[in-house]
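Read top to bottom, the protein sequences are chains A and B.
Once you know that position 550 of the first sequence is 550 in the working numbering, the rest is easy, because the numbers rise by one and skip nothing.
If you want the working numbering, it's the position in the second sequence, counting the first as 1, plus 1000.
Protein chains: 2
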Amino acid sequence: MTVTSPKPQFASPSQIRLIPLGGIGTVTKNMYAYEVGDEILIVDCGIGFPDSTMLGVDLLVPDVSYLEARKNKIAGLLLTHGHDDHLAGLPYVLPKLGNIPIYASKLTRGFALDRLKEYSLPANITEIDERPFSVGSFTITPIKITHSVPDGRHFAIRSSVGTIYHGSDFKFDDHPVDGVLTEKDKIASLGHEGILCLLSDCLRSEKEGRSLSESMLTDTFRREIKDAQGKFIVTIMSSNVHRIQQAVNVMAEHGRRIAFVGRSVESNVKTAVNLGFLKLPQKMIINKRQIKHLPPRQVGIIIAGSQGQEGSSLTRAVASDHKDIQIKPPDKVVFSADPIPGNETPVYSLIDDLSRLGIDVAYSDVDDQLHVSGHAYRDEQKDLIALTRPKFLIPIGGSFRHMVQYRKMAESLGFPRHHIALLENGQVVRLTQESLTLAETIPLRNIMVDGLGIGDVGTIVLRDRQTMAEDGIVVVVVPISQQTGKIKGTVEIISRGFVFMKQSRHLVKKMATTVKASLKPGRVLEDWAIVRQQIERSLEKLLYKETQRQPLILTVIMEV
Amino acid sequence: MTVTSPKPQFASPSQIRLIPLGGIGTVTKNMYAYEVGDEILIVDCGIGFPDSTMLGVDLLVPDVSYLEARKNKIAGLLLTHGHDDHLAGLPYVLPKLGNIPIYASKLTRGFALDRLKEYSLPANITEIDERPFSVGSFTITPIKITHSVPDGRHFAIRSSVGTIYHGSDFKFDDHPVDGVLTEKDKIASLGHEGILCLLSDCLRSEKEGRSLSESMLTDTFRREIKDAQGKFIVTIMSSNVHRIQQAVNVMAEHGRRIAFVGRSVESNVKTAVNLGFLKLPQKMIINKRQIKHLPPRQVGIIIAGSQGQEGSSLTRAVASDHKDIQIKPPDKVVFSADPIPGNETPVYSLIDDLSRLGIDVAYSDVDDQLHVSGHAYRDEQKDLIALTRPKFLIPIGGSFRHMVQYRKMAESLGFPRHHIALLENGQVVRLTQESLTLAETIPLRNIMVDGLGIGDVGTIVLRDRQTMAEDGIVVVVVPISQQTGKIKGTVEIISRGFVFMKQSRHLVKKMATTVKASLKPGRVLEDWAIVRQQIERSLEKLLYKETQRQPLILTVIMEV
């Protein structure tokens, strides 16, 4: 006889639980879950970028333990747009959540499939357009929006409790390159029907007024190409299809043959062309291997590496380490992307290196029309509020300081402070038709990807990396006789990254003396943990006194 | 009988040799030498800041080997102004050059003595004002200039060959806080007498127009203090005495008691007050220990840490780790300093942390009048050229991209390109009355200071730190019998910062197997270098395949 287990306790369908798993306060690693009754709807699944303390870490992925424990409740996952911080987490997360149904617009779907292909993962992604569709008992209305990648969407998520407007990264560009405008009328009519809560991109809440239109870049490129005597090289964020389109058009207009250089640029261009989002003048397009066979004045290049990334095509070309592209005077290089905060140093050092080569470099500090933001400025954020007329507001996709500025703006529109929730990742929000309440906080781990390892680098490993990065390591090997329990032979002291040992004989000698003294020679050593501790403490003291450095000290006791 | 050695070959007095030892392309670590005949005159002796590859390095100092080898030729050293990147190298460099005569204005001398005092070094610093003086056969005319520290100087350096105008960091502030204007008439009259070469601050050559006056900060502070309901806390570069003066005045005006917090702020304030460069309303000044005993609304604080430096007073106060100062709502914190390039991440994370605490934070992205630059914009740079009317131009104190922009500007004024020299540190320039020629390049080392060590961290140590920071270290200890030359006992494998070993038993096992296999067990091991190499190669291969990480592998062979 089998016992039927009681139906699990689900959240009551009189409320929506919003669980932000990433994207709040961190800008990147976007992932949000809406839990209504026994269903969960997920929005986005992005990667994040390590901060300076996460040494050696390649990227971060959202901690989906909460969802993993409720796999059977997941109705589906919506992708808002084609940026990696909104979808590139899929290959790491899907193996944990199973082959859940995913919904995305054509280009977003294309980029997501590209990411998954690298890992040969199966995926079940349904292409959506602007028509409403159902996911479990949720009704989703996609809204076309403008952003720095084409074909993005906002989602109005209707549940039995009310409608959430999930307003991820956007701007109101009235002159978009592809002519596809934000569906403002649709937003207004959703607003009329009633929006319980607006989640809104707040990244540019510090900026007054409105962002400029992406389409102004055409004029910029025309201005920059005019005096280019050699190759005309534009570096760009590889997902910015509209900017690539404009650069291509201007290059073709000036009779230049066009090459794409860099893995991410080549892959995104291919997908965007295949799906009809990028129109190339085919007879002007050349393979990057042909660059060196053409006169420089006849070549235009779109190259990856605008963030000064190590190993990127641009960085390698500048270091004369790229087999297809050499940069030399009178070539011109145009940076049509601002450094992402934290990338200033590598970007500027690349600009300096190009300047040193005698290259004419155009970048934002000398031409402020080389880049426009993909994110709504304050007046556009206000417009979204005016159109959606929500009861509650939650700023997303920004740092805490951006949320504070967003709240200031919303208060100036008359929203009471308790109708605006500034969250942290993991802070669960309970929404009813009447109220927004902060519920429990779900503990979230930083899941770090390092090489092939996902989550195997934790705080201890990072702390050790930090210590070794600062001051190196000193390894002490103590041979202890199995028979007598006493030291037998020579204590070996080796260091790496500490001091140049050959020039520090004096110090090495002192270290050996200290280790021996702390071992109380002749005595039988029984508790090795204590032996280790004694050695490490006395060495630490000596080394700090002599060098003011604190290397990691690693004692190896060898039974011989 | 003794043989008189021939008089050493000195540079002919028909030329000036300029030897830039730092400050060209690197912005910081300023140090320049002028060699005429058998005399050398040095200008400045600053520290530099490590880049992101110089892990664990505290600071950089100029490589003065060239000067050390010509100690007896040094006539003296001039200090232009009181910033650390122009004078804080003295404690590291003076022990190598001997107690050479140094010349500095009153405040610059005060700050230099403060730096030297920490090292109990004797110093021979003569106070100068605006009157000409002689150093060896050089005649020096100091010119008062305005900058972000008071009492700065340019120097017209007259030698038998001609006059060099050494135009270090400056701006033309027509409304300086202390009323001490740049001596433009004096510059003009030096220009009339004839300037052979102008060395000019080029840091802001990307900025059109003119920099704003420092004195506008008074209005900014007044605006910011108005709505401050709790403590009014201003963070600032600690050498910016004029800004401290303005903040103090505004705080006093609003009836607030004023405390200084932070080692650098306290020390600089003390020196500036003693020397008459800062006037404090004494009855309003309190000790930082009194802060907590006063109502927050009655307190104003000037605190160090505007760059988000680890361990600074502001960072500690935000982390509730400062015994004298707690920051909590409704306190207000004003950042009156922009992040120095490279410091964006710590500064913004501090602003986010303050926002999270509910503190009202004012910073440049929300109020663009919180900081003005201390450096001349393009029109001021043009003015200096117009006043000095030099034959040759050398931009200094900027990165290469700034020099390129400076050259563009100078060419627009009609200077032929070959009259403008863009240098690198170590590139010697030969100036005659008629010509500027690039001579040899002196090889310069990066002298890194780490703890107490000066120059003992080199490329090998840094490379090891980098590897360990990225992927950790794996230590393999192989016991080899002295008698048989074969392995005796267990091979120990320990790692730090690589993977969490307890969760990676499988991998540890594979590593042990690999090491044993590469040792060809049973065989007599003779050449230990080869043994090491074999172990390291096979482990590297295994680890890259299994983890895609490349930890440092350290093999210790123990004779037992």
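All residues carry an ideal CB built from backbone N, CA and C; glycine is no exception.
These numbers come from a predicted model, not from an experiment.
Within 10 Å of its beta-carbon, does residue i have 16 or more other beta-carbons around it, so buried, or fewer, so exposed?
| i | result |
| --- | --- |
| MET1 of chain A | Annotation note: pLDDT 40 at MET1 of chain A (below 50); position unreliable, no value reported. |
| HIS1081 of chain B | buried |
| GLN1466 of chain B | buried |
| GLY1046 of chain B | buried |
| LEU413 of chain A | exposed |
| ALA517 of chain A | exposed |
| SER1313 of chain B | buried |
| ALA1386 of chain B | exposed |
| GLN1503 of chain B | exposed |
| MET1403 of chain B | buried |
| SER1205 of chain B | buried |
| ARG537 of chain A | exposed |
Determine, using beta carbons only, whether residue i comes closer than 8 Å to chain A.
| i | result |
| --- | --- |
| SER1336 of chain B | no |
| GLU1536 of chain B | no |
| GLN1405 of chain B | yes |
| PRO1176 of chain B | no |
| GLN1381 of chain B | no |
| SER1211 of chain B | no |
| SER1052 of chain B | yes |
| LEU1203 of chain B | no |
| PHE1400 of chain B | yes |
| THR1108 of chain B | no |
| VAL1562 of chain B | Since the first residue shown for chain B is 1001 and the last is 1560, residue 1562 of chain B is missing from the structure and cannot be characterised. |
| SER1005 of chain B | Here the model assigns SER1005 of chain B a pLDDT of 45, short of 50, so the residue's position is not dependable, and the following value carries that caveat. With 8 Å as the cut-off, SER1005 of chain B does not count as an interface residue toward chain A. |
| GLN1282 of chain B | no |
| TYR1348 of chain B | yes |
| ARG1263 of chain B | no |
| ARG1356 of chain B | yes |
| THR1441 of chain B | no |
| PRO1341 of chain B | yes |
| VAL1345 of chain B | The sequence shown places Thr at residue 1345 of chain B, not Val. Yes, THR1345 of chain B counts as interfacial toward chain A. |
My guess is that residue i and residue j are in contact by the Cβ rule of under 8 Å, so how many angstroms apart are they, rounded?
| i | j | result |
| --- | --- | --- |
| ALA1376 of chain B | SER1211 of chain B | 6 Å |
| THR514 of chain A | ARG532 of chain A | Between ARG532 of chain A and THR514 of chain A the Cβ distance is about 14 Å, and since that is not below 8 Å, they are no contact. |
| LEU1431 of chain B | CYS1197 of chain B | 6 Å |
| THR1235 of chain B | ALA1337 of chain B | 7 Å |
| VAL1499 of chain B | ASP456 of chain A | 5 Å |
| PRO1020 of chain B | TYR1032 of chain B | 5 Å |
Tell me the DSSP bridge mates of residue i?
| i | result |
| --- | --- |
| CYS1202 of chain B | Its beta-bridge partners do not exist; DSSP assigns none. |
| THR1139 of chain B | B:SER1134, B:ARG1158 |
| THR566 of chain A | Past the boundaries of the shown model lies residue 566 of chain A; chain A is included only from 1 to 560, so the question cannot be answered. |
| ALA362 of chain A | A:VAL334 |
| ALA272 of chain A | In the DSSP output, where bridge partners are listed per residue, ALA272 of chain A has none listed. |
| CYS197 of chain A | A:ILE164, A:PHE392 |
| THR218 of chain A | According to DSSP, THR218 of chain A bridges with nothing at all. |
| GLY48 of chain A | A:LEU60 |
| ILE1207 of chain B | In the sequence on display, residue 1207 of chain B carries Lys and not Ile. DSSP output for LYS1207 of chain B lists no bridge partner at all. |
| VAL571 of chain A | The displayed coordinates of chain A run from 1 to 560. Any statement about residue 571 of chain A would go beyond what the structure contains. |
Under 8 Å, Cβ to Cβ, is there at least one residue of chain B near residue i?
| i | result |
| --- | --- |
| MET558 of chain A | yes |
| ILE19 of chain A | no |
| GLY458 of chain A | yes |
| GLN548 of chain A | yes |
| LYS541 of chain A | no |
| PRO101 of chain A | no |
Please list, in chain order, the chain E residues whose beta carbon lies closer than 7 Å to that of residue i.
| i | result |
| --- | --- |
| GLY56 of chain A | In summary, chain E is missing from the structure at hand, where the protein chains are A and B. |
If the cut-off is 9 Å on Cβ atoms, which residues from the segment 460-477 of chain A count as contacting chain B, listed in chain order? ILE460, VAL461, LEU462, ARG463, ASP464, ARG465, GLN466, THR467, MET468, ALA469, GLU470, ASP471, GLY472, ILE473, VAL475, VAL477
Residues of the segment 1484-1513 of chain B with a CB closer than 8 Å to any CB of chain A: list them in chain order, please. LYS1488, GLY1489, THR1490, GLU1492, ILE1494, ARG1496, GLY1497, PHE1498, VAL1499, PHE1500, GLN1503, SER1504
Beta carbons nearer than 9 Å to chain A: which residues of the segment 1361-1379 of chain B have them? VAL1361, TYR1363, ASP1365, VAL1366
- request: Could you name the residues of the segment 295-324 of chain A whose beta carbon sits closer than 9 Å to any beta carbon of chain B, in the order they occur along the chain?
  value: none
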